[in-house]
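**Student:** Sequential numbering of the sequence shown, starting at 41, is according to this note's numbering. Ideal Cβ placement from N, Cα and C applies to all residues, glycine included.
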Amino acid sequence: MSPRTTSIIGGVGRTLITLGCLTLAFAGFQLWGTSIAEERAQTSLTSDFESRRDAFAAYAERTGFTASEVGAPVTTSIPSTTVPDASDSDDPVIGSNDSQPTTSTTTPTTTQPPVPVESIPEELLPRQGEALGVIRIPTIGVDKAIIAGTSRDDLRKGPGHYASTPLPGQAGNAAIAGHRTTYGAPFGDIDLLVPGDRIVVETFQGLFHYEVMAQSSGIGHSIVTPFDVGVLEDYGDNRLTLTACHPKYSARQRIIVQAKLVNAPAATVALAGLDEEIAQQLSNEQLAYEATGINPPTDEDGEPFDPTVTDSLGTETDEGNVIGTNAEVLDESLGWHMEELTPFILWSLFAAIASALAVFAARRWSKWTSYLVASPVVLVLIFFSFTHLDRMLPAF
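Structure follows, in structure tokens:
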């Protein structure tokens with residue numbers, strides 16, 4: 041074998057080894073590196089929530105109500121009125137009676153909010169992107185601050201609340217999304233929840249207890265497509281819906297856990313600055329598209345895709361009621377963010393140039409000194425490269 045051939049083979053081998061090491065490093069970055077960023081964000085969110093919770097409680101106390109009662113309807117009585125009892129009237133047309141006339145009493149009531157929602161200072165209410173509460177699931181060890189919003193950036197900080205649904209603890213179906221494998225994986229084990237398991241949510245309005253509900257197959261969760269947004273609709277009761285990608289390391293489906301509210305709901309108080317127009321834009325379609333960043337799919341006529349198509353077999357798995365759809369639509373739901381490709385390539389190129397300069401310096405001067413100086417620079421460049429690559433991939 042000629043020296044040239046040996047050199048080529050050796051170069052290819054070193055390249056493959058380097059690519060393999062980078063692949064393993066990126067896998068580690070996704071599993072553990074993203075968790076570091078999420079943990080830092082959680083520390084800040086938890087501190088912000090505690091400050092807002094205490095400020096809201098102090099405001100409620102000044103008004104004479106508890107935090108959960110602020111803005112809630114209350115029934116008050118109007119001074120009573122009396123009218124003659126027709127059966128005891130002396131009017132000959134109506135009838136006569138020798139006994140003393142009696143009266144019947146009516147007490148009209150009116151319903152008014154003790155503290156109008158409009159009067160609550162906006163600085164006491166969380167805005168989109170801020171902490172609105174904490175979710176605790178003792179069975180699987182979850183204790184995470186909840187952020188208002190379900191954008192990709194929001195979910196990198198922790199579980200996110202769907203803006204189109206009521207806040208946790210309020211009447212209706214409150215919904216929260218979270219990662220299962222990256223960025224702390226807050227919902228990594230929600231498939232282990234069983235009917236009756238307890239979920240506690242604390243918001244600025246107080247503590248609210250939920251119990252996991254059994255799904256159609258008797259277990260604590262169900263599996264749906266990203267286009268089945270019915271799980272976010274109002275069921276006419278008070279419940280909490282948790283959503284996450286399924287299976288792990290994939291965004292092809294969604295795993296759903298629903299729990300019923302055990303204690304009384306709090307008053308309906310919206311987030312600060314969230315008007316009807318924004319709420320309409322942040323519709324239930326977020327279940328499918330917020331974490332993937334793609335537009336709703338359409339059929340060949342340009343009409344919105346109907347998500348109610350069942351699979352060709354019509355079967356049901358042991359994990360719950362799976363609503364199937366065709367492979368093309370499922371592939372679309374992976375939602376690659378290709379706008380991150382350019383910065384990923386640039387940072388990767390910078391890292392490659394820095395590595396090449398380190399090798400050149402090591403051959404020309406001191407090997408260990410060159411590597412020692414270059415290593416922090418190369419690692420930082422690789423970190424930024426991995427960050428953009430992670431943002432380009434689907435959110436798991």
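Only counting runs of 4 or more residues, tell me where the alpha helix (DSSP H) segments fall wholly within the segment 254-304, in order along the chain.
**Tutor:** none
**Student:** For Q210 versus A188, is the C-beta spacing smaller than 8 Å?
**Tutor:** Taking the sequence shown and counting its residues from 1, one reaches residue 210 at position 170. Taking the sequence shown and counting its residues from 1, one reaches residue 188 at position 148. Against a cut-off of 8 Å, the Cβ pair of A188 and Q210 comes out as no contact.
**Student:** Report the three-state DSSP secondary structure of E251 (helix, strand or coil).
**Tutor:** In the sequence shown, residue 251 corresponds to position 211, counting from 1. E251: strand per DSSP, three-state reduction.
**Student:** Do you know how far the Cα of G260 is from the Cα of G181?
**Tutor:** The residue you call residue 181 lines up with position 141 of the sequence shown. The residue you call residue 260 lines up with position 220 of the sequence shown. About 17 Å.
**Student:** Mind checking which residues open and close the beta strand (DSSP E) that includes S188?
**Tutor:** Position 148 of the sequence shown holds residue 188. Inspection of the sequence shows that residue 188 is occupied by Ala rather than by Ser. Element bounds for A188: V182 to A188.
**Student:** Just to confirm, are T190 and L233 a CB contact at a threshold of 8 Å?
**Tutor:** Working through the sequence shown from its first residue, we reach residue 190 at position 150. Working through the sequence shown from its first residue, we reach residue 233 at position 193. Cβ atoms of T190 and L233: not closer than 8 Å.
**Student:** Of the residues G236, A304, A217 and V241, which one's Cα is nearest the Cα of V271?
**Tutor:** What you label residue 271 is simply residue 231 of the sequence shown in a count that begins at 1. Answer by Cα proximity: A217.
**Student:** Determine the direct distance from the alpha carbon of P199 to that of I160, and round the result to whole angstroms.
**Tutor:** Reading the sequence shown from its first residue, position 120 is the one you call residue 160. Reading the sequence shown from its first residue, position 159 is the one you call residue 199. Using only the alpha carbons, I get a separation of about 26 Å.
**Student:** Taking a contact to mean a Cβ-Cβ separation below 8 Å, would you say I239 touches L280 in this structure?
**Tutor:** Translated into positions along the sequence shown, residue 239 becomes position 199. Translated into positions along the sequence shown, residue 280 becomes position 240. Cβ distance < 8 Å, so I239 and L280 count as in contact.
**Student:** Checking 8 Å against the spacing of the C-beta atoms, do A398 and V418 come in under that value?
**Tutor:** Stepping through the sequence shown from its first residue, residue 398 is reached at position 358. Stepping through the sequence shown from its first residue, residue 418 is reached at position 378. Contact: yes.
**Student:** Label L429 either buried or exposed according to how many other C-beta atoms from any shown protein chain fall within 10 Å of its C-beta, with 16 as the threshold for buried.
**Tutor:** Taking the first residue of the sequence shown as 1, we reach residue 429 at position 389. With 16 or more other Cβ atoms within 10 Å, it is buried.
**Student:** Do V269 and V297 count as a contact pair if the criterion is CB distance below 8 Å?
**Tutor:** As a working note, residue 297 is residue 257 in the sequence shown. As a working note, residue 269 is residue 229 in the sequence shown. Contact: no.
**Student:** Report back the beta-carbon spacing between V309 and Q245 to the nearest angstrom; my notes put them in contact at under 8 Å.
**Tutor:** Counting from 1 along the sequence shown, the entry for residue 309 is found at position 269. Counting from 1 along the sequence shown, the entry for residue 245 is found at position 205. V309 to Q245, Cβ: 7 Å. Contact.
**Student:** Compute the Euclidean distance between the alpha carbons of C285 and N213, then round it to the nearest angstrom.
**Tutor:** Counting from 1 along the sequence shown, the entry for residue 285 is found at position 245. Counting from 1 along the sequence shown, the entry for residue 213 is found at position 173. Cα to Cα, C285 sits roughly 19 Å from N213.
**Student:** Roughly how many angstroms lie between the CA atoms of L201 and W408, to the nearest whole one?
**Tutor:** Start at 1 with the first residue of the sequence shown, and residue 201 comes out as number 161. Start at 1 with the first residue of the sequence shown, and residue 408 comes out as number 368. The residue you asked about is not Leu; residue 201 is His in the sequence shown. One C-alpha to the other measures close to 50 Å.
**Student:** On the criterion of 16 or more Cβ atoms from any shown chain inside 10 Å, does L389 qualify as buried, or is it exposed?
**Tutor:** Residue numbering aside, residue 389 sits at position 349 when the sequence shown is read from its first letter. Using a 10 angstroms sphere on the CB of L389, the tally of other CB atoms stays under 16, which defines it as exposed.
**Student:** Could you pull the DSSP bridge partners for H201 from this structure?
**Tutor:** Working through the sequence shown from its first residue, we reach residue 201 at position 161. BP columns for H201 point to A188 and I216.
**Student:** Between P206, S87, G111 and N278, which has its C-alpha nearest V174's C-alpha?
**Tutor:** On the sequence shown, residue 174 is found 134 positions in, with the first residue counted as 1. Selected option, being the one with the closest Cα: S87.
**Student:** How far does the beta strand (DSSP E) with I447 in it extend, from its first residue to its last?
**Tutor:** The structure shown does not extend to residue 447, since the chain is modelled only from 41 to 436, so the question has no answer here.
**Student:** Buried or exposed: D193, going by 16 or more other Cβ atoms within 10 Å of its Cβ?
**Tutor:** On the sequence shown, position 153 is the one that residue 193 refers to. Counting Cβ neighbours within 10 Å, D193 comes out exposed, since fewer than 16 surround it.
**Student:** For the alpha helix (DSSP H) holding E79, just list the boundary residues, first then last.
**Tutor:** Within the sequence shown, numbered from 1, the residue matching residue 79 stands at position 39. Start and end: T74 to T103.
**Student:** Kindly indicate which residue of L59, T222, I49 and E109 has the alpha-carbon position closest to the one of A441.
**Tutor:** In the structure as shown, the chain starts at 41 and stops at 436, and residue 441 therefore has no counterpart that could be examined.
**Student:** Check each candidate in P206, T205 and G228 and name the one with the smallest Cα separation from K184.
**Tutor:** Within the sequence shown, residue 184 is the residue found at index 144, counting from 1. Looking at the Cα atoms, G228 is the closest of the given residues.
**Student:** Can you give me the C-alpha to C-alpha distance between Q70 and C61, rounded to a whole angstrom?
**Tutor:** Position 30 of the sequence shown, counted from the start, is the residue given in the question as residue 70. Position 21 of the sequence shown, counted from the start, is the residue given in the question as residue 61. Approximately 14 Å between the Cα atoms of the pair.
**Student:** In its own chain, which residues sit with a C-beta less than 7 Å from the C-beta of S75, not counting the 5 before and 5 after it?
**Tutor:** Indexing the sequence shown from 1 puts residue 75 at position 35. Same-chain partners within the cutoff: Y223 and G224.
**Student:** For T243, write down the residues that DSSP places opposite it in a beta bridge.
**Tutor:** Position 203 of the sequence shown, counted from the first residue, corresponds to residue 243. According to DSSP, which records beta bridges pairwise, T243 is partnered with G173 and G246.
**Student:** Could you round the C-beta distance between E274 and K300 to whole angstroms and report it? I think they count as a contact, below 8 Å.
**Tutor:** By 1-based counting over the sequence shown, the position of residue 274 is 234. By 1-based counting over the sequence shown, the position of residue 300 is 260. Per the sequence shown, the amino acid found at residue 274 is Asp instead of Glu. The pair is not a contact, with the Cβ atoms about 14 Å apart (cut-off 8 Å).
**Student:** Rounded to whole angstroms, what's the CA-CA distance from T283 to R294? Just pull it up for me.
**Tutor:** For the purposes of this step, residue 283 is identified with residue 243 of the sequence shown, where counting begins at 1. For the purposes of this step, residue 294 is identified with residue 254 of the sequence shown, where counting begins at 1. Straight-line Cα distance between these residues: approximately 6 Å.
**Student:** Whole angstroms are fine: how far does the CA of R196 sit from the CA of I78?
**Tutor:** Walking along the sequence shown from the start, residue 78 turns up at place 38. Walking along the sequence shown from the start, residue 196 turns up at place 156. In the sequence as presented, Ile is not what sits at residue 78; that position holds Glu. Their Cα atoms are separated by approximately 6 Å.
**Student:** DSSP has Q210 in a bridge; who is on the other side?
**Tutor:** As a working mapping, residue 210 is identified with position 170 in the sequence shown. The partner list for Q210 (beta bridge, DSSP) reads A306.
**Student:** Work out the CA separation of R44 and Y411 for me, nearest whole Å.
**Tutor:** By one-based count along the sequence shown, residue 411 stands at place 371. By one-based count along the sequence shown, residue 44 stands at place 4. Taking the straight line from one Cα to the other gives about 28 Å.
**Student:** Is the beta carbon of P208 sitting closer than 8 Å to the one on T243?
**Tutor:** Residue 208 sits at position 168 when you count from the first residue of the sequence shown. Residue 243 sits at position 203 when you count from the first residue of the sequence shown. Yes. Within cutoff.
**Student:** Could you check the C-alpha separation between I385 and T58 for me, to the nearest Å?
**Tutor:** If you number the sequence shown from 1, residue 385 lands on position 345. If you number the sequence shown from 1, residue 58 lands on position 18. Their Cα atoms are separated by approximately 17 Å.
**Student:** May I ask you to report which of helix, strand or coil DSSP gives R167?
**Tutor:** Against the sequence shown, residue 167 aligns to sequence position 127. Coil, per DSSP.
**Student:** Below 8 Å on the Cβ atoms is my contact criterion, and I expect A95 with L164 to pass it. Report the Cβ-Cβ distance as a whole number of Å.
**Tutor:** Reading the sequence shown from its first residue, position 55 is the one you call residue 95. Reading the sequence shown from its first residue, position 124 is the one you call residue 164. Contact holds; Cβ gap of about 6 Å.
**Student:** I need the boundaries of the alpha helix (DSSP H) containing R44, first residue and last residue.
**Tutor:** Position 4 of the sequence shown, counting from 1, holds the residue named residue 44. P43 to G68 is the extent of the alpha helix (DSSP H) around R44.
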